[in-house]
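J.: I have a structure I would like to understand better, so I am pasting it below and will then ask my questions one at a time.
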Amino acid sequence: MVNATQLAKIYGKRPNDYLSLPATNQLINAITRKYGISENQLVISKAGSSHNGGGTWMHRLIVVDFCQWLDIDLKLWCTEKLDELMRYGMTATQPTLEQMINNPDLVISLAQNGKREEKQRLALEVEKKEQEKLSIIEETKPAVVFTECVTSSSTNILIGDLAKLITQNGNFRNGFSHCKSQGVVIHDTPDAMEE
365 MVNATQLAKI
375 YGKRPNDYLS
385 LPATNQLINA
395 ITRKYGISEN
405 QLVISKAGSS
415 HNGGGTWMHR
425 LIVVDFCQWL
435 DIDLKLWCTE
445 KLDELMRYGM
455 TATQPTLEQM
465 INNPDLVISL
475 AQNGKREEKQ
485 RLALEVEKKE
495 QEKLSIIEET
505 KPAVVFTECV
515 TSSSTNILIG
525 DLAKLITQNG
535 NFRNGFSHCK
545 SQGVVIHDTP
555 DAMEE
């Protein structure tokens with residue numbers, strides 16, 4: 365987390381002005397949706413002076429955009445770096461490029477870090493998909509239990525009882541109508557609609 369209040373003071377701006385922008389809210393929603401980080405973990409406001417930890421604190425993913433809002437020259441630099449990344453597949457400052465040329469171990473270290481980060485990202489993605497699967501299993505559990513009970517039953521079930529089960533003690537006529545619309549019941553019989 366970065367103290368956005370301290371950063372904004374340098375430029376004579378306030379974090380609240382940035383946070384009230386529609387584009388900022390869209391960014392926060394996108395980060396929440398993609399990474400599952402709740403809003404209250406992305407931006408934290410603490411009472412007190414900045415020397416005592418007070419101020420508005422922002423997650424690093426928001427700080428990058430916030431800093432570009434603070435300083436147009438930084439925004440231009442970031443745009444240039446993104447352009448460089450798209451054209452060459454990597455970006456680095458001149459001193460870093462010189463270090464990479466002079467020190468092959470640095471290149472290996474950077475590659476290993478990239479590989480490790482990609483592994484972590486994939487692990488989070490797999491975990492998210494597993495959670496989605498578990499959620500679907502929980503949602504469909506009642507239907508599966510019902511189906512297993514019906515298919516494993518050695519006795520017959522009356523259509524009226526089936527309609528009651530489907531409606532979970534709700535409106536019998538709606539359950540019966542549902543069975544009829546699904547082709548379970550072909551036609552009304554006088555005793556079927558008595559209940």
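426 is the number that our numbering gives to position 62 of the sequence shown; each next residue is one higher, with no gaps. Don't be surprised by glycine CBs; every beta carbon is placed ideally from N, CA and C. Note that the structure is a prediction, hence the values are computed from the model and not measured.
Applying the 10 Å Cβ sphere with the 16-neighbour rule, what's the burial state of P506?
T.: For the purposes of this step, residue 506 is taken as the residue at position 142 of the sequence shown. Result: exposed.
J.: Quick check on K493: does DSSP put it in helix, strand or coil?
T.: By one-based count along the sequence shown, residue 493 stands at place 129. Helix at K493.
J.: Is the Cβ-Cβ distance between E419 and N367 less than 8 Å?
T.: By 1-based counting over the sequence shown, the position of residue 419 is 55. By 1-based counting over the sequence shown, the position of residue 367 is 3. It should be pointed out that residue 419 corresponds to Gly in this sequence rather than to Glu. Against a cut-off of 8 Å, the Cβ pair of N367 and G419 comes out as a contact.
J.: Does the beta-carbon distance from F369 to S402 come in below 8 Å?
T.: The sequence position of residue 369 within the sequence shown is 5, counting from 1. The sequence position of residue 402 within the sequence shown is 38, counting from 1. Note that residue 369 is Thr in the sequence shown here, rather than Phe. Between T369 and S402, the CB-CB gap reaches or exceeds 8 Å.
J.: Given a threshold of 16 other Cβ atoms within 10 Å of its Cβ, counted over all protein chains shown, does Y452 qualify as buried or as exposed?
T.: Numbered from its first residue, the sequence shown carries residue 452 at position 88. Looking at its Cβ environment, which holds fewer than 16 other Cβ atoms inside 10 Å, Y452 is exposed.
J.: By the 10 Å Cβ neighbour count, where 16 or more other Cβ atoms means buried, how is I426 classified, buried or exposed?
T.: Your numbering for residue 426 matches position 62 in the sequence shown. Under this definition I426 is a buried residue.
J.: Check T457 in the structure and name its three-state DSSP category.
T.: Counting from one through the sequence shown, the residue named residue 457 turns up at place 93. Reduced to three states, the DSSP call for T457 is coil.
J.: In the DSSP assignment, find the unbroken beta strand (DSSP E) run with K410 in it and report its ends.
T.: One-based indexing of the sequence shown puts residue 410 at position 46. V407 to K410 is the extent of the beta strand (DSSP E) around K410.
J.: How many Å lie between Y382 and V428 at the Cα?
T.: To locate residue 382, count along the sequence shown from 1; it is residue 18. To locate residue 428, count along the sequence shown from 1; it is residue 64. Each residue's Cα considered, the two are about 12 Å apart.
J.: Going by beta carbon distance, what residues of the same chain come within less than 8 Å of Q463, once the five residues before and after it are set aside?
T.: Here residue 463 refers to the residue found at position 99 of the sequence shown. If we look at Q463 and ignore the five residues flanking it on each side, its Cβ neighbours are L470.
J.: By the 10 Å Cβ neighbour count, where 16 or more other Cβ atoms means buried, how is I514 classified, buried or exposed?
T.: As a working mapping, residue 514 is identified with position 150 in the sequence shown. For the sequence presented, residue 514 should be read as Val rather than Ile. Exposed, since its Cβ has fewer than 16 Cβ neighbours within 10 Å.
J.: So, using beta-carbon positions, are D612 and Y375 closer together than 8 Å?
T.: Residue 612 lies beyond the range of the chain shown here (365 to 559); nothing can be said about it.
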